[in-house]
Amino acid sequence: MTGHALLVTRRLAPGVVDRLLPSFSVTLHDDDAPMPRADLLAAVRGRAAALTTLDDVVDADFLDAAGPDLRIVANHAVGTHNIDLAACAARGVVVTNTPGVLTAATADLAMALLLAATRRLGEGERWVRSGKPWGWAPNFLLGVELSGTPLGILGLGRIGRAVARRARAFDMPISYHNRTPLTDEPDARWLPLDDLLATAQVLVVSCPLNDRTRGLLDAARLALMPAGAVLISITAGVVDEPALADALDRGALFAAAVDNHANEPEVAPELLRQERAVLTPHLGSATVRTRQAMGNLAVDNILAVLAGEAPLSAVRPA
Ligand code: GLV
59 MTGHALLVTR RLAPGVVDRL LPSFSVTLHD DDAPMPRADL LAAVRGRAAA
109 LTTLDDVVDA DFLDAAGPDL RIVANHAVGT HNIDLAACAA RGVVVTNTPG
159 VLTAATADLA MALLLAATRR LGEGERWVRS GKPWGWAPNF LLGVELSGTP
209 LGILGLGRIG RAVARRARAF DMPISYHNRT PLTDEPDARW LPLDDLLATA
259 QVLVVSCPLN DRTRGLLDAA RLALMPAGAV LISITAGVVD EPALADALDR
309 GALFAAAVDN HANEPEVAPE LLRQERAVLT PHLGSATVRT RQAMGNLAVD
359 NILAVLAGEA PLSAVRPA
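Going by this note's numbering, the sequence shown opens with residue 59, and the numbers climb by one from there.
Right under this line is the structure:
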């Protein structure tokens, strides 16, 4: 027992928090819902470590409430848009995330969405369940075929690359946009953003949300996409959701799928009205194996930092 006091803001995968119990005094918010803000600020006081989720805003108020003992904020996500990285750095608080362990699950989900949107699975499923009459017909619920269809990936990071690997098995030619072209992806063509948008018949948005990408795909940029294109978003806040709904409404886009939403758990009402939008509740990393690995990586980061060692996956301000 080191005497360190820790806060874990959410119920985690089985066994994860147990790893902390022998050595630390742990306050666990043992609930599937996020901590109300006032409870969070009260509970973090005097903690040496906080294991947080994307719903916990870690800003100057949080850091003030925590006080000088706080050494690490271990975010249970690859994203860190809930955290003021500069404020943490200024106070010497280490921030870590959970990269790598969720890559495969998230890329699988992107492919599931890509197939669901292009082959109209949501519409078809709703149709069958509704009891509305249906029957096979040459023109019934026709979709877009993946083979030979140009795929654009906005953000060829770990997850984007894993999507590209999967999409190659579907014979999709791949282009991407990152701030700088990669030298080790010879089978994917780098394009400037506007050119990527203009040529991708299917676009996967997999870049991180940050000050550069927030709202990047606004109405004007969505208008660059080819007629009948399909947009898959696995990053919240990059795509302007009402503008996306409008493009679907006008038939400018064929279909879309959105897993992460700008204002979760709210979903843009404009999108809810769109038959051609596949809408899922932030399921990217939602597999048993991945959630276990994310929890364990967050705990490993806490154990390392409180032992005076280097964290496994630190995040620094850009
Ligand atoms: C999103 O779910 C993330 O892990 O950042």
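All C-beta atoms, glycine included, are put in the ideal place defined by N, C-alpha and C.
With respect to the C-alpha of A123, the residue from N140, A96, L109 having the closest C-alpha is A96. Between the ligand GLV and the CB of A135, the shortest heavy atom gap is smaller than 8 Å. Inside the stretch 107-176, DSSP marks whole beta strand (DSSP E) runs of 3 or more residues at positions 107-110, 130-133, 152-154, from first to last along the chain. Taking 8 Å as the cut-off, the C-beta of N318 counts as close to a heavy atom of the ligand GLV.
Taking 9 Å as the cut-off, the Cβ atoms of L337 and V296 do not count as close. Secondary-structure assignment with DSSP links I217 through no beta bridge to anything. Taking a C-beta distance under 9 Å as the contact criterion, R68 and P92 qualify as a contact pair. At a Cβ-Cβ threshold of 9 Å, R149 and L121 count as neighbours.
Distances from the CA of L249 to each of D113, L79, L78, G213 were compared; the closest alpha carbon is that of G213. Under a 10 Å Cβ-count criterion, R347 is classified as exposed, with fewer than 16 other Cβ atoms of the shown protein chains found around its own Cβ. About 6 Å separates the Cβ atoms of V363 and R129, confirming a contact at the 8 Å cut-off. Less than 9 Å separates the beta-carbon of A303 from that of E328. Cβ-Cβ distances below 7 Å link N354 to V74 in the same chain, with the five nearest sequence neighbours on each side left out; the list follows chain order.
The stretch 228-260 is shown to contain whole alpha helix (DSSP H) runs of 4 or more residues at 251-257, in chain order.
Counting only the Cα atoms, D89 lies some 14 Å from D114.
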